[in-house]
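Asker:
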Amino acid sequence: MRDPFDNPRIFEIPKYLPVIAMIQSVVFPNISIPILVGRKKSVEAIEYALKKDRIVALITQKGKNKRGVGSSNLYTMGTAAEIRNTQKQLDGNIKCNVDTICRIKVKRFIQEKPFILAEVERIKSSGYDMEDEEIEELKTLITTQVEQIIGLGVPFPSHLIIPGIITPSDLDKLVDMLASYMLPSEKEKQVILETVDLGERMRRLSALLDKEVKRFQVQSKIISKVQKKMGKTQREYFLRQQLNAIKEELGEEDELRAELKELTEKIKKAKMPKDAEKKALKEVKRLKTIPPASPEYSYIRTYLDWMLDVPWSKKTREKLDIPEAKIILDEDHYDLDKVKEHILDYLAVRKLKGKARGTILCFIGPPGVGKTSLGQSIARALNRKFIRMSLGGIRDEAEIRGHRRTYVGAMPGRIVSGMAQVGTINPVFMLDEIDKIGADFRGDPSSALLEVLDPEQNNQFRDHYIEIPYDLSNVMFITTGNILDTIPPALKDRMETLNLPGYSREEKLHIAQKFLVPKQLKEQGIEKYKVKFSDNAIYEIIERYTAEAGVRNLERSIASICRKIAREIVSNGEPPKRVIARNLEKYLGVPKIFPSEIEKKDMVGIATGLAWTSYGGDIILVEATLYPGDGKITLTGKLGDVMQESAKASLSYIRSRAKKLKIESKKFKEYDLHIHIPAGAIPKDGPSAGITIATAMASIFKNRPIKRDVGMTGEITLRGRVLPVGGLKSKILAAQRAGLKKVIIPEKNKKDLKDIPKSVKKALDILFVKNVDEVFDMAIKKEIAVEEKKKEIAERTKYITT
Ligand code: ADP
């Protein structure tokens, strides 16, 4: 048996050895290894050794510092090695094959340069007693640990497995080799190298191996977890296959498959454009891979339902017969000749030009004047379907364009959902309340609307939900609104506006007798009883139960009378022959409207103006009052800037004309003027109240009453000229409704009179003015009111008596 400790060379280890500093490696005795030497000090050390007895000290350097080698950062225990041979490498390094001999301990370092020289002491292994039980136990422990490590899948050279019977010197070598092979770091290896006593060395090795076992155990746990995960998906796949098989067995899979097949067929039949079809089929494909219970499945399903609901090619056969269209429009609507003419012209142009390239019709007027029903008639005349969508209050672009599908509960916008509702690609699509769309941080809906209405680009309308460009070019869009002013200008440009200002009482009577009464009798199921409404009853409803520009409430009132009659018939079996004015309270309750809102008597400082609101024309009262002060003016009643300026201009004019108007000029200095326009909560603006405000002011300064049955409208300039105003028809109709006798209007508005029904012109005295002085002459009484006069006389006599 060979014993390294008997190695004769041990005795040849010199006292002083040149040192080679080893970077990050600890070399144990009794092995042959190549070492690569590059650093100058090490090369010098080798050269020195080669010249002497070829023996060097291999000592590990603490840390990783490659460059600076000094004795201070070397361990003090190392290995003596004999240089077997050397080879100069191409890169200048020297490769040395060495045989390590034994452990050495540095007693002291003798020199640093040109190489480190150390005085060393050979360390003999302590050996061990073959009978030592602890060694035996440690041997078994280490063996088990090594086996454990092998068991965890770490490759291990078989010659390192500790055999059952082993000589002491072999055990010594094996322990060193195990340390060299198994321990992960230079520090741990150095600990083993420095432990001379075999028993202790084995104990330490076993402790370090224990750490290693644990490390490998953790590692393998992680690996197995990862593997398990993979296993799970594989298992799921397997289970799903099984489930599919079960479903197939039960026929459920068939159901699902049949559903998807049906969807595919429907998509193919829908005659979608290529892109849309491709997209829809792709979504069906996705459906196949998703379990039907998942939310994703229902999202896709809903999307596909929308894609199928939206019409892609289905259309009604359009006809464009102008004479027939005229008949239909006349059939459904009384009067409105100008509007009907315009519509017929528009349709004729369409017929000649083919597809709708051009403007969009826009009906402007108060509620109930027949905008919607005109749209319906157009659709009927053209044999198109009709759909109506309100845009009122829309502030979000997504309402027009829809939400992206990533949002929960996403839907297409109003345009595409309207198309789905109507089901054909060529309906008449009415967009109501276009004057009431707003814009804010959520985007500007009007820009999306522009795209909808622009015939140049609406064949590629983009809805965020549908994702595929949708062709709106076959749709005939009609928009409606109450007033023109609030429609965004860009939209206004695209549209051809038609004004429907409202009806006079005679027109309303006609509409009621010819259209609304027959319609409601039919709708309430009492057509066959041929109930008649007297003209007076209708007038009474118009004047005392409804105050409107259109006929919506009138129709509603007629409907409720018809319902009451139906009830009468059911309970008594007998309908009334006629509905007359006297009976109205029975059907409609007490009157809601009291005819004139005008004052009961002529008053100083109260003038009646004619205004124009989104609900048609109306009358407004302008009140002026004076009280002692220093010439200030106060304006109340939520007046807009333009109206306020108009009030100031009026005052300036009156002050400049004080003498002519017979007003004492000191009054302007000694009194404050207050102008108020009631219905104080409703904002008012516009220049057309100019002459009304001026008249109220002139009246209060002159202390002369204004004729209560005179209404007026007109803008005023600083020099007192009267300028024309808009909405004349509505205003004059309102004057008639309110029971005025005379209306004063700007001379320049004379041309608008042709739109006003003859009956109204007959009932009202319409006076034209160029200058506000004429207004004062016509509206302000020359005399102080009788009561005022009495009071004034009483006042004077009071002065005289006291
Ligand atoms: P809008 O859309 O302007 O608010 P609608 O079209 O809904 O008004 O009209 C309200 C009702 O009045 C409808 O039943 C309509 O048929 C009827 N109507 C309005 N104007 C006329 C008219 N000139 N001739 C016949 N019926 C009319």
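Quick note: the sequence shown uses my numbering, first residue 6, plus one each step.
Heads up, the beta-carbon is just placed ideally off N, CA and C, and yes, glycines get one too.
1) Consult DSSP for V344 and reduce its assignment to one of helix, strand or coil.
2) If we ignore side chains and look at the alpha-carbon of each, how far apart do P600 and R400 end up?
3) Check whether the Cβ of P372 sits closer than 7 angstroms to any heavy atom of the ligand ADP, and report yes or no.
4) For the alpha helix (DSSP H) containing R572, name the first residue and the last one.
5) So, I439 versus L396, is the Cβ gap smaller than 8 angstroms?
6) Can you give me the Cβ contacts of I88 inside the same chain, cut-off strictly under 7 angstroms, excluding the 5 residues immediately before and after it?
7) Relative to the ligand ADP, is the shortest distance from any of its heavy atoms to the C-beta of A516 smaller than 7 angstroms?
8) Taking Cβ to Cβ, would you say Q741 is nearer than 8 angstroms to V774?
9) Consider the C-beta atom of D340 and the heavy atoms of the ligand ADP; say whether any pair is separated by less than 7 angstroms.
10) Residues in the same chain with beta-carbon distance under 7 angstroms from E139, minus the five sequence neighbours each way, listed in chain order, please.
11) Determine which residues share a DSSP beta bridge with E720 and list them.
12) Please report the Cβ distance between T551 and S562, rounded to the nearest whole angstrom; I am assuming they are in contact, meaning their Cβ atoms lie under 8 angstroms.
13) Within 10 Å of its beta-carbon, does D449 have 16 or more other beta-carbons around it, so buried, or fewer, so exposed?
14) Here's the rule: buried if 16 or more other CB atoms are within 10 angstroms of the residue's CB, otherwise exposed. What is K86?
15) So Y21 is in the beta strand (DSSP E); what residue range does that whole segment cover?
16) Please confirm whether any heavy atom of the ligand ADP lies closer than 7 angstroms to the CB of S735.
17) Quick check on the burial criterion: 16 or more other C-beta atoms within 10 angstroms. Buried or exposed for L589?
18) If we count Cβ pairs, one from each stretch, closer than 8 angstroms, do we get three or more for the segment 509 to 522 versus the segment 493 to 500?
19) In chain order, what residues of the same chain lie with their CB nearer than 7 angstroms to the CB of E78, ignoring the 5 residues before and after it?
20) Can you pull the DSSP bridge partners for T630?
21) Do H338 and S299 have their beta-carbon atoms positioned less than 8 angstroms apart in this structure?
22) Measure the C-alpha to C-alpha separation of K144 and L183 and round it to an integer number of angstroms.
23) DSSP state of W317, grouped into three classes?
24) DSSP has D437 in a bridge; who is on the other side?
25) State the DSSP-derived secondary structure class of D96, mapped to helix, strand or coil.
26) Taking three-plus beta-carbon pairs below 8 angstroms as touching, is the segment 371 to 389 in contact with the segment 330 to 348?
27) Going by CA-CA distance only, name the one from C367, R583, M608 that's closest to S539.
28) Determine the burial state of K707: buried for a count of at least 16 other Cβ atoms within 10 Å of its Cβ, exposed for fewer.
29) Please determine whether the Cβ atom of R322 lies at a distance below 7 angstroms from any heavy atom of the ligand ADP.
30) Please name the residue in K734, S655, F673 whose C-alpha comes closest to that of I696.
31) Take the Cβ of N754 as the centre, count every other Cβ of all protein chains shown within 10 Å, and call the residue buried at 16 or more, exposed below.
32) Comparing the CB of E560 with every heavy atom of the ligand ADP, is any distance shorter than 7 angstroms?
33) Give me the Cβ distance between G380 and I483, rounded to the nearest whole Å; I'm assuming they're in contact under 8 angstroms.
34) Could you have a look at I624 and say whether DSSP puts it in helix, strand or coil?
35) Under 8 angstroms by Cβ, that's how I've got G486 and G555 pegged, so tell me the actual separation to the nearest angstrom.
36) Less than 7 angstroms between the CB of K343 and some heavy atom of the ligand ADP, yes or no?
Answerer: This is what the structure holds:
1) helix
2) For P600, the predicted structure reports a pLDDT of 48, less than 50, and the residue's modelled location is therefore unreliable. A value from the coordinates is still provided. Using only the alpha carbons, I get a separation of about 39 angstroms.
3) yes
4) Where R572 is concerned, the enclosing alpha helix (DSSP H) starts and stops at 557 to 577.
5) In this structure, I439 lies near L396, with their beta-carbon atoms less than 8 angstroms apart.
6) I51, A54, L55, R59, V61, C101, V103
7) Reading the sequence as shown, one finds Ile at residue 516 and not Ala. I516 Cβ: within cutoff of the ligand ADP.
8) No, the Cβ-Cβ distance between Q741 and V774 is not below 8 angstroms.
9) Yes, since a heavy atom of the ligand ADP falls inside the 7 angstroms radius drawn around the Cβ of D340.
10) G204
11) L728
12) 6 angstroms
13) The residue is buried, with at least 16 neighbouring Cβ atoms inside 10 Å.
14) With the sequence shown as reference, residue 86 is identified as Ala, and Lys is not the correct amino acid for it. Counting the other CB atoms within 10 Å of its CB gives A86 a total of 16 or more, which places it among the buried residues.
15) 21 to 28
16) no
17) A residue is called buried when at least 16 other Cβ atoms come within 10 angstroms of its Cβ; L589 meets this threshold and is buried.
18) Contact between the segment 509 to 522 and the segment 493 to 500 is absent: fewer than 3 CB-CB pairs across the two stretches fall below 8 angstroms.
19) Residue 78 is actually Asn in this sequence, not Glu. Once the five neighbours on either side are set aside, the close Cβ partners of N78 are Q66, K67, G68, N70.
20) H679
21) no
22) Note on geometry: alpha-carbon atoms of K144 and L183 lie some 12 angstroms from one another.
23) In the structure shown, W317 sits in coil (DSSP, three-state: anything other than H, G, I, E or B).
24) According to DSSP, which records beta bridges pairwise, D437 is partnered with S395.
25) coil
26) yes
27) R583
28) buried
29) no
30) Checking every option, the nearest Cα to that of I696 belongs to S655.
31) buried
32) yes
33) 5 angstroms
34) strand
35) Contact flag wrong, Cβ pair sits at about 14 angstroms.
36) no
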